[in-house]
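Heads up: the sequence shown is residues 1 to 331, going by the UniProt record's numbering.
All C-beta atoms in this analysis are idealised placements derived from N, C-alpha and C, irrespective of residue type, glycine included.
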Amino acid sequence: MLSSVEASKKRSAAYAHLRNCNLCPRLCGVNRYEKTGMCLIGAETVKVNVIAPHFGEEPCIQGHNGSGAVFFSGCNLRCVFCQNHDIAHQRNGQDLTPEELGEWYMKLQTVGRVHNINLITPEHVVPQVVLSILHARDLGLNIPIIYNTSAFDSLASIELMDGLVDIYLPDFKVWKDSTSKRLLKADNYTAVAMESVKAMHAQVGDLCFTPDGIAKKGLFVRHLVMPGKEDEGEEIMRWIASNVSRDAFINIMEQYHPDAHVGKPSRRHINDTEASEPGTEPMDQQKASKVRYEEINRHVTADEISTVRKAAESAGLWRFCDPPRHDGFSI
1 MLSSVEASKK
11 RSAAYAHLRN
21 CNLCPRLCGV
31 NRYEKTGMCL
41 IGAETVKVNV
51 IAPHFGEEPC
61 IQGHNGSGAV
71 FFSGCNLRCV
81 FCQNHDIAHQ
91 RNGQDLTPEE
101 LGEWYMKLQT
111 VGRVHNINLI
121 TPEHVVPQVV
131 LSILHARDLG
141 LNIPIIYNTS
151 AFDSLASIEL
161 MDGLVDIYLP
171 DFKVWKDSTS
181 KRLLKADNYT
191 AVAMESVKAM
201 HAQVGDLCFT
211 PDGIAKKGLF
221 VRHLVMPGKE
231 DEGEEIMRWI
241 ASNVSRDAFI
251 NIMEQYHPDA
261 HVGKPSRRHI
271 NDTEASEPGT
281 EPMDQQKASK
291 VRYEEINRHV
301 TADEISTVRK
311 AAESAGLWRF
321 CDPPRHDGFS
331 I
């Protein structure tokens, strides 16, 4: 628990960062009271799409009563396959001040009786999140805070969240810079993710649980296996085992499906079709690809999932988020 002096320092730091925003790796440096940067979110409010008990998370996160999900609109990445693109890229939602947000946390705790407050994609609103948590704690919030992130966080963000977050839940997406540049629109994603995940683990350690199997504190790493990118998943697993902890809790996820921009008609195909003479074959019929991001325009295979899992086990990782073999929750 933070002292009153430490809480006051965090409030001051949060306001300072909003005036010269450098809390995500984009380093926009804008005064968010006057204009917005890459994330398109200002200073005085955050835009929230959904606040509700959520039952779509891992069993140890959602538990019996659900996870208190707060889906923030906006994002500092531009993943072409984003499965929440209507929230992340279109900024749909309601504006809330940090104080209003903190009061919603209390409603989730007292009315929803959720197991935790699950802050989903908060990287671009860290200052407001800090203020909201401090306000909620003053009101009596006492359930764990989950920082549910794409792992594109700066060390300054992680430092500001120190003492406020109980569970870090990063999704380490890809390994190669060429992949992150094409699919996430971030040149330096991997280097940033490695730094941030190590800093998260240094703060909270390996994931631990309550006696009934609900996550209580620690690092929980996700990896969404991508079509044809299983070699990158292998590298991520080996890196976690060697540089973070062999006791890290891991969820190798298989639910990828084409979404957002993936599989949409390519711009070249549309233009060529429009330029073709009536009754003639479009020029793009002779080209290899008629859809955008064709290489990931499919579901992952069981072999791709198995390849990443075997690499994780070979590297010494052993704590996986698998379906329980018994009634209850798997720890």
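- The closest CA to that of Val244, considering only Lys229, Ser196, Phe152, is found on Ser196.
- DSSP, read as helix, strand or coil, puts Met226 in coil.
- Around the beta-carbon of Ala14, 16 or more other beta-carbon atoms lie within 10 Å, marking it buried.
- Bridge partners of Leu96 according to DSSP: Val46.
- Comparing alpha carbon positions, the residue from Val165, Gln90, Leu207, Val129 closest to Leu96 is Val129.
- When secondary structure is reduced to three states using DSSP, Cys21 falls in the coil class, being assigned neither helix nor strand.
- At the C-beta level, Leu134 and Arg11 come within 8 Å of one another.
- Contact between the region 212 to 219 and the region 182 to 192 is absent: fewer than three C-beta pairs spanning the two stretches fall below 8 Å.
- Counting only runs that start and end inside the region 55 to 112, the alpha helix (DSSP H) elements of at least 4 residues fall at 59 to 62, 85 to 88, 98 to 107.
- Per DSSP, the continuous beta strand (DSSP E) segment holding Ile250 begins and ends at 249 to 253.
- With respect to the 8 Å criterion, Leu119 and Val50 are not classified as neighbours on the basis of their beta carbons.
- DSSP places Thr301 outside any beta strand (DSSP E), giving it a letter other than H or E.
- Within the DSSP bridge table, the entry for Val308 names no partner.
- Looking only at Arg298, Gly228, Asp247, the smallest Cα-Cα distance to Val308 is reached by Gly228.
- Scanning its chain for C-beta atoms nearer than 6 Å, with the 5 sequence neighbours on each side dropped, one finds around Leu139 the residues Met106, in chain order.
- Just so you know, the alpha carbons of Gly316 and Ile252 end up roughly 15 Å apart.
- Residue environment for Ala16: exposed (fewer than 16 other C-beta atoms within 10 angstroms of its C-beta).
- Checking the DSSP bridge columns, you'll see Val221 partnered with Ile250.
- Where Thr190 is concerned, the enclosing alpha helix (DSSP H) starts and stops at 189 to 204.
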